[in-house]
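Going by UniProt numbering, the sequence shown opens with residue 1, and the numbers climb by one from there.
Note that the Cβ used here is the ideal one computed from N, Cα and C, for glycine as well.
Structure first, then comments.
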Amino acid sequence: MTESASDPALDRALALVRPADLAADARTDEGFLDLIGDREAPRPTAAQHAMNNGFVAAIYENLWRPVGAAAMGVGGLSGESERERAAADLALGGEQRVLDVACGPGNFTHFFGTQLTGDGIAVGLDISRPMLAQAVRRNRGERVAYVRGDARHLPFDDGTFDAVCCYAALYLVPEPLTIVNELIRVLAPGGRIAVMTSYGRGREPVRSALSLVAGTLGVRMFDRDTLPAIFHAAGLTGVRQQFHGLAQFLGAAKP
1 MTESASDPAL
11 DRALALVRPA
21 DLAADARTDE
31 GFLDLIGDRE
41 APRPTAAQHA
51 MNNGFVAAIY
61 ENLWRPVGAA
71 AMGVGGLSGE
81 SERERAAADL
91 ALGGEQRVLD
101 VACGPGNFTH
111 FFGTQLTGDG
121 IAVGLDISRP
131 MLAQAVRRNR
141 GERVAYVRGD
151 ARHLPFDDGT
161 FDAVCCYAAL
171 YLVPEPLTIV
181 NELIRVLAPG
191 GRIAVMTSYG
201 RGREPVRSAL
211 SLVAGTLGVR
221 MFDRDTLPAI
231 FHAAGLTGVR
241 QQFHGLAQFL
251 GAAKP
């Protein structure tokens with residue numbers, strides 16, 4: 001492992017990484033745990049290319065995401081409101097272990113960390129180096145750590161986290177359903193999951209036209225049934241789903 005200045009939160013995150021040889025090879029010199037080194041993030045679409053662009057990372061929270069939220073019809077929900085909603089759905093508090101997948105510049109991860117106490121830890125995972133650079137620069141905290149890894153193969157044991165979150169990302173990434181199953185896998189019994197993603201609402205032919213435009217940009221529009229079906233099939237309980245414009249919010253618990 002490449003050493004950097006001591007960071008207790010980073011050390012606690014490193015202790016969660018599996019397998020052990022992956023943790024042993026982690027780099028920490030950029031302020032986050034880099035588990036994939038020179039491997040680049042996939043950029044087959046315009047949307048995925050944007051998420052790995054330094055300029056977009058710099059303007060993401062103050063400009064890029066608010067514009068995207070307005071386009072999805074969730075402009076009435078501020079970033080602060082979304083973070084508070086996610087934290088409430090996850091029932092955050094105490095010494096929980098929290099995972100924020102596709103964390104971007106870390107605004108949610110940092111907020112989650114402020115809800116914890118003691119040895120609680122909020123771990124933000126992303127594959128984008130520019131996004132994580134912004135996270136380290138702007139959203140560090142005593143109970144916050146960032147990891148560069150592939151969400152399709154989360155580097156943690158089954159049941160590692162008490163809460164897992166993935167907001168505004170599944171519609172941009174390759175193999176989103178694989179990622180959903182990974183989120184469920186690393187969630188501990190009694191833990192909670194919160195997801196916000198796209199919703200391809202409307203009747204034909206409007207729905208098809210919307211999907212076509214979104215697909216051209218590399219954005220996937222989810223229907224109302226796919227994600228709840230995965231949650232139910234995995235045995236999650238208390239599955240909740242709400243719609244807000246072109247967005248859907250889902251939450252559930254693992255028995």
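Residue environment for D89: buried (at least 16 other C-beta atoms within 10 angstroms of its C-beta). Buried is the label assigned to S128, since at least 16 other Cβ atoms lie within 10 Å of its Cβ.
Sixteen is the threshold: since fewer than 16 other Cβ atoms of the shown chains lie within 10 Å of the Cβ of L177, the residue is exposed.
Cβ neighbours of D150 within its own chain (closer than 7 Å, five residues either side excluded): I36, I127.
Under the DSSP assignment, H232 falls in the alpha helix (DSSP H) whose first and last residues are 226 to 233.
For the pair of segments examined, the segment 241 to 249 was found not to touch the segment 184 to 192: the number of CB pairs separated by less than 8 Å stays below three. At the C-beta level, P228 and L22 stay beyond 8 Å of one another.
Taking a C-beta distance under 8 Å as the contact criterion, R140 and F108 do not qualify as a contact pair.
Runs of the alpha helix (DSSP H) lying entirely within the UniProt domain "Methyltransferase type 11" (99 to 194) and spanning at least 4 residues, in chain order: 107 to 114, 129 to 138, 176 to 185. Within the same chain, Cβ atoms closer than 6 Å to the Cβ of G159 are found at A188, the five residues on either side in sequence being excluded.
Taking a C-beta distance under 8 Å as the contact criterion, L99 and V123 qualify as a contact pair. For the 8 Å CB-CB criterion, D162 and Q96 form a contact.
Taking a C-beta distance under 8 Å as the contact criterion, A253 and T237 qualify as a contact pair. About 7 Å separates the Cβ atoms of L170 and V195, confirming a contact at the 8 Å cut-off. A distance of 8 Å or more separates the beta carbons of G251 and D223.
S198 is classed as buried because its beta carbon has at least 16 other beta carbons within 10 Å across all chains shown. Note on H232: under 16 other CB atoms within 10 angstroms of its CB, so exposed under the neighbour-count rule.
Using a Cβ distance threshold of 8 Å, V219 and A9 do not count as a contacting pair. One alpha carbon belongs to E40, the other to G94, and they sit about 36 Å apart.
If you draw a straight line from the Cα of A24 to the Cα of G235, it comes to about 34 Å.
The Cβ atoms of A13 and I121 lie closer than 8 Å to each other. One alpha carbon belongs to G104, the other to L125, and they sit about 8 Å apart.
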